[in-house]
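Below is one structure, written out as structure tokens, with a few remarks after it.
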Amino acid sequence: MASRSSSLASLLVIMILHLWSNTVFYVTGSSCFTSIISFGDSLADTGNLKQLASISDQQFPVLLSPYGENFYDHSTGRCSNGRLIIDFLAESLGLPLIPPFVHEKGIDNAIAFGQGVNFAVAGATALDSSVLETRGIVNPMTNASLRVQLEWFKHSLPSICGNASDCRKFIGNSLILMGEIGGNDYNYPILDGKLINEDSFVPLVIDSIVSTINELIEMGAQTLVVPGNLPVGCSGAYLTICGSETEEYDPKTGCLVRLNEFAEYHNELLQKKLNHLRELHPNVNIIYADYYNAAMQIYRSPEKYGFTNGGLKACCGGGGPYNFNSSAECGLTSASVCDEPDTYVCWDGIHLTEAAYKLIANNLFQGGYTTPQFNSLCPTSIFSSSM
């Protein structure tokens, strides 16, 4: 799929730019940001993989029902039963839901694209496919790595904002959401049973993320939110595939200690790099979003937050202790879906439910799980009770 989808996606970029060249963009936005520009993987993808798959005549279970069952049109391409963190963030800022960059011919996204565009692709990696392949890692879903997404953004800018000065202003007034990205660089080898050399591989992933942040700052970015990795040891897929009698489990959560420590290592290294970036760019807001601890408080006390079916078992899946079965993934006819997704943290063994994403978003942007605190930079009323 990789080479074919790449060429088709390139053609689509040209088509999109042609559509945009005849469009007037309006920016209203919120009191803090006029738009959101998003990069990343399935935690932020609002439909890019869906469109790329339709162009290349591919299909993935994450694009099928019951994904998006709680959403307005039931076919959003989001890897959950409903909204994602990026959706709740956009709503809290008074912006429209951020549309995918890859979209159907003839759709007029003038106002929405003027207020943001999403380049995240489910399955995407921080490292290019060619780099991963040298390490024996194959991405079975897409070659739309972080670098590819950045190139899409660069090519689209003249049609979004016109001249260089206006584009620099547009980027500076936008909130840049950097993922989450990097998780799939680890997911593919770990779930395939391959060993990872943490000391050499994790820094490589981090450097790719930091390099992209540097380029965006050079282009005029003033506020970037950079998420860390989630506690993957609490993932039903990891628990099913990597769990064993010899593994250590956290007695408070039931999560795999080794894999959560791996995620923490990634996050610690990322934060060190971000601290260095802040020293180099003291006038730029570089916000670390602590996805790990924003989620861990849910895993420690799921029932406290209304998740009466716990934090580890998937709502949608093919059976087993965590309701995850790689041969009966959510979206396939062999899988079943629970009746009350809002009582589950986990949606499909890898991704979370809308209810969990909403709570994590609230913890991040209203609570104290960002550094510096997001609500000190954007003092708006985040996440009303009606959301």
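Start counting the sequence shown at 2; every next residue gets the next number (the numbering used here).
By construction, the Cβ of each residue, glycine as well, lies at the ideal position given by its N, Cα and C atoms.
Could you have a look at C162 and say whether DSSP puts it in helix, strand or coil?
Taking the sequence shown and counting its residues from 1, the one referred to as residue 162 is at position 161. Reduced to three states, the DSSP call for C162 is helix.
Check whether the region 228-239 touches the region 279-298, counting contact only when three or more Cβ pairs, one atom from each stretch, lie closer than 8 Å.
Touching, yes, given that three or more Cβ pairs across the two stretches are closer than 8 Å.
Who are the near neighbours of I351 in its chain, counting only those whose CB is closer than 7 Å to its CB and skipping five residues on each side?
The sequence position of residue 351 within the sequence shown is 350, counting from 1. Excluding sequence positions up to five before and after I351, its CB lies within less than 7 Å of the CB of S236 and A238, all in the same chain and listed in chain order.
Output the distance between the C-alpha atoms of G137 and N185, rounded to the nearest integer angstrom.
If you number the sequence shown from 1, residue 137 lands on position 136. If you number the sequence shown from 1, residue 185 lands on position 184. Take the alpha-carbon of G137 and the one of N185: they are about 14 Å apart.
First and last residue of the uninterrupted beta strand (DSSP E) at M179
The residue labelled residue 179 in the question sits at position 178 within the sequence shown. That run of the beta strand (DSSP E) goes S175 to M179.
Note down, in chain order, each residue of its chain lying with its Cβ closer than 6 Å to the Cβ of I242, except the 5 sequence neighbours on either side.
Your numbering for residue 242 matches position 241 in the sequence shown. Spatial neighbours of I242 in its own chain (CB-CB distance under 6 Å, excluding positions within 5 residues in sequence) are listed in chain order as L192.
Tell me whether the region 203-213 and the region 270-281 touch, counting them as touching only if at least three CB pairs, one residue from each stretch, are closer than 8 Å.
Three or more Cβ pairs drawn from the region 203-213 and the region 270-281 lie within less than 8 Å of each other, which places the two stretches in contact.
Any idea if K51 is buried or exposed, counting beta-carbon neighbours within 10 angstroms, 16 or more meaning buried?
Taking the first residue of the sequence shown as position 1, residue 51 is located at position 50. Per the 10 Å Cβ criterion, buried.
So I191 is in the alpha helix (DSSP H); what residue range does that whole segment cover?
In the sequence shown, residue 191 corresponds to position 190, counting from 1. Unbroken alpha helix (DSSP H) run through I191: G184 to L192.
Tell me, to the nearest whole angstrom, how far the beta carbon of S359 is from that of F89; I am working on the premise that it is less than 8 Å.
In the sequence shown, counting from the first residue as 1, residue 359 sits at position 358. In the sequence shown, counting from the first residue as 1, residue 89 sits at position 88. Ser is not the amino acid found at residue 359; the sequence shown has Lys there. So it is a contact: roughly 6 Å between Cβ atoms.
What's the gap between the Cα of G163 and the Cα of L353?
For the purposes of this step, residue 163 is taken as residue 162 along the sequence shown, with counting starting at 1. For the purposes of this step, residue 353 is taken as residue 352 along the sequence shown, with counting starting at 1. Rounded to whole angstroms, G163 to L353 spans 38 Å at the Cα level.
Return the first residue and the last residue of the beta strand (DSSP E) that V63 is part of.
Here residue 63 corresponds to residue number 62 of the sequence shown, with the count starting at 1. Here V63 belongs to no beta strand (DSSP E), and DSSP marks it neither H nor E.
Between which residues of its own chain and A296 is the CB-CB distance below 7 Å, once the five residues before and five after are set aside?
Taking the first residue of the sequence shown as 1, we reach residue 296 at position 295. Cβ within range, chain order: L231, P232 and I361.
Residue nearest to L128 in terms of C-alpha spacing, selected from F171, S212 and S175
For this step, residue 128 is matched to residue 127 along the sequence shown. Considering only alpha carbons, the answer is S212.
Since S146 contacts A125 with CB under 8 Å, what's their CB separation in whole angstroms?
Mapped onto the sequence shown, residue 146 falls at position 145. Mapped onto the sequence shown, residue 125 falls at position 124. Indeed, because the Cβ distance is near 6 Å, the residues count as touching under 8 Å.
Indicate the three-state DSSP secondary structure (helix, strand or coil) for S225 in the structure shown.
Position 224 of the sequence shown, counted from the first residue, corresponds to residue 225. This sequence places Leu at residue 225; Ser is not what is there. For L225, the three-state secondary structure derived from DSSP is strand.
Should the region 321-328 be regarded as contacting the region 274-287, the criterion being three or more beta carbon pairs within less than 8 Å?
Counting C-beta pairs with one atom in each stretch, the region 321-328 and the region 274-287 have fewer than three that are closer than 8 Å, which means they do not touch.
Residues near N389 by beta carbon distance below 6 Å, same chain, minus five either side:
Since the first residue of the chain shown is 2 and the last is 388, residue 389 is not available in this structure.
My output table needs one value for C331: the three-state DSSP class, helix, strand or coil.
Reading the sequence shown from its first residue, position 330 is the one you call residue 331. Three-state result, C331: strand.
Residues that C347 bridges to, as DSSP identifies them:
For the purposes of this step, residue 347 is taken as the residue at position 346 of the sequence shown. For C347, which the question treats as bridged, DSSP gives the partners A315 and L353.
Taking DSSP as the reference, what is the three-state secondary structure of N119?
In the sequence shown, residue 119 corresponds to position 118, counting from 1. In the three-state DSSP reduction, N119 falls in the strand class (E or B).
Close beta carbons around I218, own chain, < 6 Å, minus the five adjacent residues each side
By one-based count along the sequence shown, residue 218 stands at place 217. H282 and V285, listed in sequence order.
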